[in-house]
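S.K.:
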Amino acid sequence: MPELPEVETIRRSLAPHLPEDVIAAVPLLDPHAVAEPSPEAIVGIAPGKRVTGIHRRAKYLVIALEAHNLVVHLRMSGRLRLDRPVEDMRYLRAQWNFASGRVLCFYDVRRFGRIWLVDDDRLAALFAPLGPEPFDPALTVAALQDRLARRTAPLKSLLLDQRIIAGLGNIYVDEILFASNLHPRRPAGSLAEAEVARLLDATRSILQAAIANGGTTFDAVYRDAEGRPGRYRSHLSVYGRAEEPCLTCGAPIQRIVVAQRGTHFCARCQS
DNA sequence: CTTTAAACCTGCTGGC
DNA sequence: TGCCAGCAGGTTTAAA
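Next up, the structure:
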């Protein structure tokens, strides 16, 4: 579910509230949701720790504590909710109580989401495989072209690969490829410099617009930490619009499967 | 190393 | 109404 714009929106909805607050207790933690260290260690280490900041790297949310980092990846169906445990309690997987009385709840229907509690060194190791953030100034057209060079896999596959560029997911890759007029099955290494430039521009403008609109909500799954849905869905050009007319040329939007993911594109506009 | 497929989970929708 | 196939916004692991 959540891609970079959704995680960034959650980050922004938590940032005014959690910093300087102190974790008082971890009254509930589904062992299945814990990546590392052990559930017992998380429950033991977290209490007494003060929140020093809320950060995001790719699709990871990082709640920085003193000498530790509480990391959450929502994967497909995870949600974070502040203060109001209004969701189905069957899916409550973790809860943090703060000294102020605030409560942070982690819900996850499909149980793909994961939680880490790691020090700074381990955090760096965890993030080491990730490619650059889309807004990293070091990600120039030449740098992106270099990362795609000589690769024969479909362009969409590499854009979903977090080691190439970090933070994109199925919705935004389809939208970015449409905005770039690039076919999702184009061999990634075949792009000319001008095409990579279009791709990078589209990546940044679409993510920026999605963040400005609080992300994309489908089927009521995604909400920010205060329960607000995203407003970007009405801006989508291809994702979820199979059989509907292309907004540019009127041809029906196609749905195919690429990299085992439903893929939406305009066969007339994208090549 | 690169690429592709399967696995991990649960719930919902549509067809028969 | 009931059952089953197919689908879902992500990542990891195995296999080719």
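The first sequence begins at 782 in this note's numbering and counts up by one. All C-beta atoms, glycine included, are put in the ideal place defined by N, C-alpha and C. Small disclaimer: the values here were computed from a predicted structure and weren't measured.
1) Locate the beta strand (DSSP E) running through T1044, then write down its first and last residues.
2) Exposed or buried, which one is C1030 when buried takes at least 16 other CB atoms within 10 Å?
3) On the criterion of 16 or more Cβ atoms from any shown chain inside 10 Å, does T933 qualify as buried, or is it exposed?
4) Please confirm if the stretch 943-953 is in contact with the stretch 783-799, defined as three or more CB-CB distances below 8 angstroms between the two stretches.
5) For the alpha helix (DSSP H) holding G825, just list the boundary residues, first then last.
6) Would the stretch 812-821 count as touching the stretch 920-935 if we require 3 or more Cβ pairs under 8 angstroms?
7) In terms of DSSP beta bridges, what is E817 paired with?
8) What residues match up with C886 in a beta bridge as DSSP calls it?
9) Between which two residues does the beta strand (DSSP E) harbouring Y841 extend?
10) My output table needs one value for Q1051: the three-state DSSP class, helix, strand or coil.
11) Can you name the residues that DSSP bridges to R838?
12) R1061 by DSSP, collapsed to three states: which one?
13) What separation, rounded to the nearest whole angstrom, lies between the Cα atoms of A1023 and I1034?
14) N850 by DSSP, collapsed to three states: which one?
15) On a CA-only basis, which of T833, L855, R931, K840 is nearest L846? Give me that one, please.
16) For Y841 versus V853, is the C-beta distance shorter than 9 angstroms?
17) How should M782 be labelled, buried or exposed, when 16 other C-beta atoms within 10 angstroms of its C-beta is the threshold for buried?
18) What's the gap between the Cα of H766 and the Cα of L972?
19) May I ask you to report which of helix, strand or coil DSSP gives I957?
20) By the DSSP assignment, the beta strand (DSSP E) with R1036 in it spans what residues?
21) Would you mind giving the Cβ-Cβ distance between E868 and R862, rounded to the nearest angstrom? I have them listed as a contact below 8 angstroms.
M.R.: Quick answer:
1) Counting from 1 along the first sequence, the entry for residue 1044 is found at position 263. Counting along the chain, the beta strand (DSSP E) containing T1044 begins and ends at 1042-1046.
2) In the first sequence, residue 1030 corresponds to position 249, counting from 1. Exposed, by the Cβ-count rule.
3) The sequence position of residue 933 within the first sequence is 152, counting from 1. Classified as exposed, T933 has fewer than 16 neighbouring CB atoms from the shown chains inside 10 Å of its CB.
4) yes
5) Along the first sequence, one-based indexing puts residue 825 at 44. Note, G825: alpha helix (DSSP H), 820-826.
6) no
7) Translated into the one-based positions of the first sequence, residue 817 becomes position 36. Bridge partners of E817: W897.
8) Residue 886 sits at position 105 when you count from the first residue of the first sequence. In the DSSP output, where bridge partners are listed per residue, C886 has R862, Q876.
9) Numbered from its first residue, the first sequence carries residue 841 at position 60. Segment 841-846, the beta strand (DSSP E) holding Y841.
10) On the first sequence, position 270 is the one that residue 1051 refers to. The answer is coil: DSSP assigns Q1051 none of H, G, I, E or B.
11) Along the first sequence, one-based indexing puts residue 838 at 57. Answer by DSSP bridge pairing, in chain order: Y841.
12) For residue 1061 there is no data in the structure shown, the boundaries of the chain being 782 and 1052.
13) Within the first sequence, numbered from 1, the residue matching residue 1023 stands at position 242. Within the first sequence, numbered from 1, the residue matching residue 1034 stands at position 253. Cα to Cα, A1023 sits roughly 5 angstroms from I1034.
14) The residue labelled residue 850 in the question sits at position 69 within the first sequence. Residue state, collapsed to three classes: strand.
15) As a working note, residue 846 is residue 65 in the first sequence. Checking every option, the nearest Cα to that of L846 belongs to T833.
16) Working through the first sequence from its first residue, we reach residue 841 at position 60. Working through the first sequence from its first residue, we reach residue 853 at position 72. Against a cut-off of 9 angstroms, the Cβ pair of V853 and Y841 comes out as a contact.
17) For the purposes of this step, residue 782 is taken as the residue at position 1 of the first sequence. That one is buried.
18) Nothing about residue 766 can be read from this structure; the chain reaches only from 782 to 1052.
19) On the first sequence, position 176 is the one that residue 957 refers to. I957: helix per DSSP, three-state reduction.
20) Taking the first sequence and counting its residues from 1, the one referred to as residue 1036 is at position 255. Its beta strand (DSSP E) spans residues 1035-1039.
21) Position 87 of the first sequence, counting from 1, holds the residue named residue 868. Position 81 of the first sequence, counting from 1, holds the residue named residue 862. Confirmed, Cβ separation roughly 7 angstroms.
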